[in-house]
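For reference, the structure is listed below as structure tokens.
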Amino acid sequence: MPGPGRGAVRRGSAVTGTGQSIDEVLAAMADPTRRQLLAALAARGGGTATSLAGGLPISRQAVVKHLAVLSRAGLVEARRSGREVRYVTRSDALQATARWMAGLAAEWDARLSEIKRIAES
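The opening position of the sequence shown corresponds to residue 2 in the numbering used here, with each subsequent residue numbered one higher.
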């Protein structure tokens with residue numbers, strides 16, 4: 002069993018570089034429609050709710066609601082250009098979440114290596 006500060010996974014307390022919690026990012030990414038929107042924005046370099054809704058079986062209003070969730074999680078940014086609102090991806094929160102997950106994976110790898118070492122001795 003890991004002692005305090007050694008191998009302990011901090012749940013819910015990890016924060017991305019943009020101030021959002023890892024939990025917010027993972028909750029936003031849990032929805033397949035939001036993942037699809039994020040992928041489309043990344044591939045296109047941005048887009049409007051109307052252009053994004055064209056490729057999905059949901060309304061523009063539903064797309065706007067999904068984009069609001071992604072925005073609160075720090076994954077997209079809305080930029081007003083005249084009457085149009087363009088959405089672009091922000092990578093900071095996703096990169097911070099990926100670093101946190103890599104640390105978690107490394108911890109599990111270390112635990113599995115220790116189990117293997119014990120089993121083989």
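Glycine included, C-beta positions come from ideal geometry on N, C-alpha and C. Note that this is a predicted model, so its numbers are computed, not measured.
- Going by beta carbons, Gly-75 and Ala-94 fall inside the 9 Å limit.
- Between the region 82 to 91 and the region 101 to 112, the count of Cβ pairs shorter than 8 Å is below three; the stretches do not touch.
- In the three-state DSSP reduction, Ala-29 falls in the helix class (H, G or I).
- Judged by DSSP in its simplified three-state form, Arg-91 adopts coil rather than helix or strand.
- If you check the CB distance, Gly-48 and Arg-87 come in under 9 Å.
- Under the three-state reduction of DSSP output, Ser-60 falls in the coil class, being neither helix nor strand.
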